Structure formats: C-alpha cells, structure tokens
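Residue numbers (the working numbering), protein chains in the order written: chain A, 1 to 326; chain B, 1001 to 1496. Yeah, the Cβ is synthetic: ideal placement off N, Cα and C, and Gly gets one too. Since the model is a prediction, treat every value here as computed from it, not as a measurement. Here is the structure we will look at, set down as structure tokens.
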Amino acid sequence: MTIVFGVFLLTLMLITAIAIVRTQNLFVAVMLSGIFSLLLASNFFLLDAADVALTEAAVGAGISTVLYLSALALSAENERAPYSSHRLIALAVVSVTALLVIYATFDQPRVGDPAAPVHQHVAPWYLEMTRDAIDIPNVVTAVLSSFRGYDTLGEVFVVFTAGIGVLFLLDKPGARHGGTQTVGRVRLRHYLIPRLVGRMLIPFILLFGLYVQFHGEYGPGGGFQAGALIAASIILYALLEGETRALQALPRRLLTLLIASGALLYGGVGVAGMLLGGNFLDYSVLASDPVKGQQLGIILIEAGVGITVTGVLLSVFHAFAARGRF
Amino acid sequence: MTALQAHLPALQVVVPMLSAPLAMLLREHRLSWALATAASLCAFAIAISLTLSVIDTGGMRYLMGSWPAPFGIELGVDAMSALLLLIVTGASSLALIAGASSLDREIEVERQPLFYAAWLLALAGLCGILVTADAFNIFVFMEISALASYVLVAGGPDRRALPAVFKYLVMGTIGATFYLIGVGLIYLMTGTLNLDDIVYRIGEVAEVKPILIAAGFISVGLALKAAIFPLHVWLPNAYTFAPHVVTVFLAACSTKVALYVLLRFNFVVFKPYLEDHDLKFAIFLLPLSLLAILVGSAVAMFESNLKRMLAWSSVAQIGYITLGASLVSVAGLTASLLHIFNHALAKSALFLALACLAISVSKLRIENIGGIAKRMPWTMAAFLLAGLSLIGVPGTAGFVSKWYLITATFDSGPLGILLVAVIVVSSLMAVVYIWRVVECAYFRETDEAQSAREAPLMLLLPTWAAVLLNFYFGLFPGVPLELSSSAATLLLGQTP
C-alpha cells in the first residue's frame, strides 16, 4: 500500500515539476512550488522521516512561498522568454544528470532493507546510545543535536549567514522607502473574514510552535521547525495588521539581537563544554550526571536554533516587505 | 597550555565563527573591523601552531562532543590541511588589515558590521572544510563559506556585481548539490560519513556503479567550485566586481579549498577502490589543465580591465595546479600543492597592489594608469615584484613551484616535453600581461594619473608584507615544501 502511495505522490511531483518549468507566470510557479514541497513532505512522511517532513512542510511549503511572494511583489509577474537554444542545452544536461542518478540506483539496496549498510553500521550504535547516554525517546533529535551536533551548529550558521546576506543586500540605505509609504501595503485590514479567522489562528500557531520547540526530544520537531512556525505566525500577523504593527511588537533591532543571540547560545553551550573539561559541544559535562547534562545541552541548543531561525525568517520577510513598490 | 593545544582544531573554526554574531552586533564599524581582524589574526596564530604540531607529530585528531568516530564528527589536521589553513587565515588577515582604509570607499559605514560578520563566516567556513574529517560536515561548511562569499562579492559598489554574484551563486549551488548527491550515494553504500571510515569500508562494497557515479558527481561538483576549465565562467566577473580586498581573500583561498576537497576525495577515497582511476583522472584532467593554462593566459594578455586580467590569470594558474595533480605522482602532487601556496602568495600581493591603486584610480583599466608609477612608486614596485613571482622569475616563490612542476613533468614520460613547452609558453604570456601593465604605469603619461597620491600606509604595509613573503619563500621554501611533499605522500598512500 505504501508503495502505491509513494508512486502516486512521486508522479504528482513529477507533473508539478514539469508544470513549474513550463509556466511563464511566476505567480503560478510560486504556488506550484508550494504544492511541490507539500508533496515532498508527504513523501518524507511515507518514508517514516517525520522530522524532515515537518521541516519541509513548514519551510518549503510555508515560509518559502511567503518569501517568494514578497520577492514577486518587487518584480514582474511574467518571466521574459529565454533563448530557446539555451533551453535545449539545459534539457540535455538535466537529462544526462537524471540518467546518471538512475543508473546509480541499479545497484543500490532496496528501500527499507534491514541488511543495507546504512542500517548496519552507525544506526545500531545511535539507537543504543540514545537510550544509554541521552535517555530521550526521539533518536533523530539525539543524532541531530548531540551525536552530530557540530553539523547542526553549522546549519544554524548557514541560516545565520543567509540572514546576514539578505539584511546586507536589501537593507541598503536609500533603498528603504519612507515609513508612510509602506504602512498598510501588505495587510488585509479591510477584509473582515480573513482578518477574523487569521487572528484566531495566530495564538494556536504560536502555541503549536512552542510545542514543537519543547517537545522535540519526545516527538518529531525541534528548533528549526519551531522557528519556522513561530515566524509564520508573526508574518501572518504582519499580513493582517500591517507590517508597521508587527515591527512595533518586534522591532528590527530586537530581531538582529535574536539572530545573533541564538547562534551565540548554541556556540556558547559548545564553549561551556570545553571550559568544563570536555570537548567542544560535549554536553555530558554540563551537569553532574552526564545523562542530565546531555538533556540540558539539547534543550539549550534547540532553543538557540529556534531563536536564530525565527529572527532570520522575520528579518528576511521585513527586508523584502520594506522595499515594496507602488 | 597543553589542554588548549588539544582544542586547537576546534578553535580554528569556533573563534571566527562565534566572532561573527558579535561583529554584527557592534554598531561602530571600526569596532567590528577590529574584532574581525583580531579574530582573523587569532585564527592565523592557531593555524601556525597547528602547522608546527603537524610537523612535529604528523597530525592531530579531535572528537566533537567527545563522541567516538565514526558515530560523532571527527576533526583531523594533517600536512595538507595545515598548508591550506596557513593560506586561508594568512590571506584573510592581510586582506582585512588592508580593508581598514580600502573598504570605506566601497561599502557604506552602517552596513560594514554585517559585511565583517559575513567575512568571518566565510573564514570560518573555509577553515571548517579544512579541519574536518567528515564528508557531510564538509558540505555544511562549504555552504557557510559559499553563502558568505556571495555576500562579500555582492558588496561591491558596482551594480554589475549583482549579476556576477547571481551566476556565482547558481553555479556554486549546483556544485554543492552535486557534491551532496555524491556523498549521499557513498553513505548509501558504506553507511558512514567519516572519511577514514569510508576509505576502510568502501573496499567491502561489491557494487561499483553507485560509487562510480558518486565519484563523477563529487568531482564535477567540486570542479565547478574550484573553477576548473571549462567550469570557470563564474570566476572572472565575480573577482572583477567584488570589493578589492574581497578579491584578495577569495582569489587566494576559495578555489583552493575546493581543489583540496577534490584531491582528497579522488586520491584517498576513489583511487584505491576504482579500477584505473588514476588513468581516468589523468585523461580527464590533463587536457583541461592545458587548455586552462593556455586560454586563461591568452585572454589575460588582451584584457584591459586590470582585475579581470588577474582573474583570467587565476584560471590559468588553477590549470598549473591541476596539471601537477593529473600527473598522479608524488613529484607532481608536491608541485601542485606547493603552487597552491605560492600562487596564493603572488595573487594576493598583486590584488593588494590593485587595491592600493584603486585609492587614486577610479576605474582600474590599463589606459587609466599611464605614468602612475611616478605618483605611486611603492604601489607599482609592489605590483612589479609580485608580478615577477607570478611569472616565475628565479628568487621568487613562483619560480620554486614552477621548477618543481617542470621537473615532475619531465619524469612523466614522452608527453613531458610537450607539457614543459606549454608551461614555458604560458609563462612567457604571463610576462606579456604583467609587462603591459608595468610599461603603461612607468613609461606612459595620462592626465588622471597626475592627481594620484601614494596609497595610505595601512594598505601599503600588508601589500609589501605579501611581496616580501614571495621573496622569502622563494629563497627559503622549506616549510611549504615540507608540508607539500608529506601531503603528496599521504595522498598517494605511501609512507613518507
């Protein structure tokens, strides 16, 4: 049954992808890419990767679509027709790449095969050590935040870099329009029903974001997804009540502080491990009981991830919205 | 002290990385500059200390989070990473010091804290790639360094920086994605991401197809990032339109670090496992290297934008580096690695000299600098001397690596004479394009140059430091040579 669902979803994804390439209308392309992400998330879910599915749904289908739309508001709705000869070369390159990937799959182990190398080598150790050394139910969280916590620190800094990049490029002095012009551009104040429904939704999204943040050790979730959800609820508020009201609640300076402090919190936990006699990112030394130390470390670094992701996503949104044209 | 020593591989990354958020929070641009420079110098000191301990003990290992490898992430510093770490941190420090007086003209003061944060992230990303011993961790830090480099390049005052950076971004992202596909396939077949563990377990993999495809994806992806001909198209414009000191930093390191990963994977992981890998590697890379050397030098000869001229010369110099590697011999790889070091020295000195010129000349084109040597004697002398090193005149660093390259090609059989001819011809071409600039600056007259003034001391000092290093390492190539040759023996799996 799973395989039927999988094939069905993959076919839909293929159709969506072709439609994205074919369409000249950028608004349609953005909507379709949201659908693509949602299908992808469903696929991840079928493969039992609930954490990844949640991230893809929150970031790919949610936040990216909003950001694309904000970017689209600054540019034209239709793409200019590219040269057709380039298109053929591009098609050839993409086809060859696809064929190579397909060729590589001929010898790969069957999906879900318990004898596959990925299930034989490091995975059993992770399962055992999550129980013995960290004692939390979600193995994925244990791998992400402790066993391979250095990678996750790197990913937080990828998000951080992206945020710095957008702020650096879009917040050019002079490029920002006067405050009076931006007021009320992106808002739905005069639409009663979306506004009422939206306002009712915001607290629930926020609450769900917090749940995902603090429940990451027990179920799917963690800082990345929570950050995206919390940012989504505030972006919704900005859309409903106007960007200025959102900025009053969370000013730019505070957002910048959030971006930096989340990254510093994560890094600081790593350095604390070093100062207390362990290696970098060794959480066991944070408390007298190594298991408690691991749990404390994971909660702290997940908080750092959530803070930075929220800050970056909101800053990026405001940076786009502030450049709005009329 | 010894406790600190053990943490150095981690601190090499952590110091610049955690300084980035702090640099962003500082509102005063001078303070952020000071913090960035201090962090970069600190990273340089760590790199020197790591190099010394590599020379003493052969290498260092570090377990992130104290989890044992291959389950946790392991860092490893050996001769090859030490060599590259010296270049990256050294070039970053010199460029930042020069940036104090050069960047104010290109980037608004209020945006500078963000710029310095991006700089530190680029530095941390490059260092992260160099110290890690984990295939996926390389990808993570490649992303950090790449994103940060896009930001740095886009900081240029010229609006043409934006299309240049967009091209760089698209190509760089394809490169990183290809690398990730390759690593994914390797993980699928071996179940591990630790490089040493991959080498150990890949021997037991019976099915060759996925590994073969992985080798292709990883090599092509990294070749894109390393600007190996004909995948270099992003490079000239990205270098041309970036702020001047950013060009110094990127030209010295970013392509080199991609080359480092390329060589690591091909020689350590794929060569022992895939049949005839060395032959295929050579057949693939040798003609491309020769083309890069000839085409790059030829375009540079006819280019009148000075930065783009040096950027095309970089395409040719990357050709020398890959030429050495494609010989698949200890001598060839030693020459190749040594040239990575020496070219970084020569190019950063040349681009620093251009940054000095840019203080007085608004458009860095050859027709605008006529007679400028009278007004800016120190700058042009630095350009001339660094140019000698790029050409490979005896007594300079450039000569040492070219000499090793020529000896290595002579040993490589009947093709050797042809390869030597190509190296000699392209060196003559380098004489032409350096001479054009020198002739114009010393023996022509234009109006614009009359009002020129010598660059400030803060710019001249790092420039001359780089120039003098070219001569120092030309006369005493001991340390880089020792690192290169032990790295070459490591790559080819022979005991030194």
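(message) Taking 9 Å as the threshold (C-beta atoms), are residue 118/A and residue 130/A in contact?
(response) no
(request) Using a Cβ cut-off of 9 Å (strictly closer), state whether residue 56/A contacts chain B. (result) no
(request) Report back the beta-carbon spacing between residue 1083/B and residue 1243/B to the nearest angstrom; my notes put them in contact at under 8 Å. (result) That belief does not hold up - the Cβ atoms of residue 1083/B and residue 1243/B are roughly 27 Å apart, past 8 Å.
(message) Please classify residue 1/A as buried or exposed, where buried requires at least 16 neighbouring CB atoms within 10 angstroms.
(response) exposed
(message) Counting only Cβ pairs nearer than 8 Å, list the residues of chain A close to residue 1151/B.
(response) 161, 164, 165, 168, 169
(request) Find out if the Cβ-Cβ distance for the pair residue 283/A, residue 265/A is shorter than 9 Å. (result) no
(message) To test your reading of the DSSP string, which unbroken alpha helix (DSSP H) runs of 4 or more residues are found completely within the segment 85-150 of chain A?
(response) 117-120, 123-129, 139-142
(request) Check the C-beta distance from residue 1229/B over to residue 1180/B and give it rounded, since I have them as a contact under 8 Å. (result) 24 Å between Cβ atoms; not a contact.
(request) May I have the straight-line CA-CA distance separating residue 1003/B from residue 1463/B, to the nearest angstrom? (result) 36 Å
(message) Buried or exposed, going by whether 16 or more other CB atoms sit within 10 Å of the CB of residue 288/A?
(response) exposed
(request) Would you tell me roughly how many angstroms separate the C-alpha atoms of residue 1055/B and residue 1194/B, rounded to the nearest one? (result) 24 Å
(request) Return the residues of the segment 1055-1067 of chain B that lie within a Cβ-Cβ distance of less than 8 Å from chain A, sorted by chain order. (result) 1062, 1063, 1064, 1065, 1066, 1067
(message) At the 9 Å Cβ level, is residue 1020/B part of the contact set with chain A, yes or no?
(response) yes
(request) Decide if residue 4/A is buried, meaning its Cβ has at least 16 other Cβ atoms within 10 Å, or exposed. (result) exposed
(request) Step through the CB atoms of chain B and report whether any lies within less than 9 Å of the CB of residue 279/A. (result) yes
(message) DSSP three-state label for residue 1231/B, please.
(response) coil
(message) Please list, in chain order, the residues of the segment 1301-1318 of chain B that have any C-beta partner in chain A closer than 7 Å.
(response) none
(request) Just the C-alpha distance for residue 1281/B and residue 64/A, rounded to the nearest angstrom, thanks. (result) 40 Å
(message) I'd like the list of long-range same chain contacts for residue 286/A, defined as Cβ closer than 6 Å, with 5 residues on each side in sequence excluded.
(response) 293, 296, 297
(request) List the residues of chain B whose Cβ lies closer than 9 Å to the Cβ of residue 108/A, in chain order. (result) 1185, 1188, 1189, 1207, 1209, 1210
(request) Please work out which residues of its chain come closer than 7 Å, Cβ to Cβ, to residue 1266/B, disregarding the five sequence neighbours upstream and downstream, and give them in chain order. (result) 1219, 1281
(request) Pull up the distance between the alpha-carbon of residue 1465/B and that of residue 1350/B, whole angstroms please. (result) 12 Å
(message) Counting only C-beta atoms, is residue 179/A closer than 9 Å to chain B at any point?
(response) Any reading at residue 179/A needs caution, since the residue's pLDDT is 43, under 50, leaving its predicted position unreliable; the model's value is listed next. Output row for residue 179/A: interface = no.
(request) Determine the closest residue to residue 36/A out of 150/A, 12/A, 310/A, with distance taken between C-alpha atoms. (result) 12/A
(message) Is there a C-beta anywhere in chain A that falls below 9 Å from the one on residue 1242/B?
(response) no
(request) Could you say if the segment 1162-1170 of chain B and the segment 1255-1272 of chain B meet the contact criterion of at least three C-beta pairs nearer than 8 Å? (result) no
(request) Tell me, please, which residues DSSP counts as bridged to residue 1077/B. (result) 1060/B
(message) By the DSSP assignment, the alpha helix (DSSP H) with residue 1278/B in it spans what residues?
(response) 1277-1302
(request) Compare the C-alpha of residue 1221/B against each of 1177/B, 1154/B, 1199/B, 1190/B and name the closest. (result) 1177/B
(request) Below 6 Å CB to CB, which residues in the same chain sit around residue 1560/B once its five sequence neighbours on both sides are set aside? (result) It is not possible to answer for residue 1560/B, since the shown part of chain B is limited to 1001 through 1496.
(request) Just grab the DSSP bridge partners of residue 25/A for me. (result) 78/A
(request) List in chain order: all unbroken alpha helix (DSSP H) runs of 4+ residues lying wholly within the segment 1446-1476 of chain B. (result) 1457-1475
(message) Do residue 108/A and residue 1191/B have their beta-carbon atoms positioned less than 9 Å apart in this structure?
(response) no
(message) In whole angstroms, give me the CA-to-CA distance for residue 1329/B and residue 1367/B.
(response) 44 Å
(message) Is residue 1017/B close to chain A? Criterion is C-beta to C-beta, closer than 9 Å.
(response) yes
(message) On the DSSP bridge list, what partners appear for residue 1132/B?
(response) 1075/B
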